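Residue numbers (our numbering): -13 to 249.
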């Protein structure tokens, strides 16, 4: 005959599977990635010893100031992110917990994701070149633009690539620099017609921009609210929807005009 368990013993027996479930939940991998501010690169200069933008077939201006594309760094697609990792990073302003599918295409291997990101970067560079030359009415000229940015994938540098090409070829259109000598950062995809698209992760990118000396940040207009959420002190937001709008805003800023839009 089985003896009756005491209340304390019963609680202990019941608590064991609960504790096991909690431990499993804490350490089991979850479909999330943890992101943080990443590197930035001045598209008007060199990155790892190689000029980011080179142009042949047309005179190139000597520029001042910087145009910095921004990135985020996320845990690798095959990394295990546990509930403990999620809790540790959820309330940090310099981290973001994001669904893995929003960072990496679902169901792909690491190699496939790398190839996808490289392909997106190439498409972004091609679109950025066509958008910039179209903006300057140079599409029928024998101009070759080469863009190189090591270890960066995806389409989010498109706007900054286009602005860099415009600055190197035309500046502000009247002999000055598009940057006005400032360090300007930003993000955004670009289509061949100059339309700027949203990218995600802007709250982290503004932190990367300010860390690396930027005082102005160009943000896709649809992401103004996200950019303002954790905006670093001393960083001014300028919303953009098109390449022309971005150029016009930078020229207005350079010339101290009151028509510069804000989020």
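Built from N, CA and C at the ideal position, the CB exists for glycine as well.
Because the structure is a prediction, the values reported are computed rather than measured.
Around the C-beta of residue 179, fewer than 16 other C-beta atoms lie within 10 Å, and the residue is accordingly described as exposed. Under a 10 Å Cβ-count criterion, residue 123 is classified as exposed, with fewer than 16 other Cβ atoms of the shown protein chains found around its own Cβ.
Shown here, residue 172 sits in a strand according to DSSP, grouped into three states. Under the three-state reduction of DSSP, residue 115 is assigned to helix. Shortest Cα-Cα distance from residue 82 to any of 101, 61, 96 and 100 involves 61. The continuous alpha helix (DSSP H) containing residue 231 extends over residues 229 to 240.
Residue pairing by DSSP places residue 79 opposite no residue, since no beta bridge is assigned to it.
The straight-line gap separating the alpha-carbon atoms of residue 198 and residue 67 is approximately 29 angstroms. Between residue 223 and residue 145, the C-beta spacing is not below 8 angstroms.
Residue range 222 to 226 is occupied by the beta strand (DSSP E) that includes residue 222. Within the same chain, Cβ atoms closer than 6 angstroms to the Cβ of residue 249 are found at 210, 214, 223 and 225, the five residues on either side in sequence being excluded.
Excluding sequence positions up to five before and after residue 28, its CB lies within less than 7 angstroms of the CB of 52, 53 and 54, all in the same chain and listed in chain order. In the displayed model, residue 100 falls within a helix according to three-state DSSP. Ranked by how close their Cα comes to the Cα of residue 35, the residues 76, 153, 134 and 105 have 134 in first place. Residue 151 carries a helical assignment under DSSP once its states are collapsed to helix, strand and coil.
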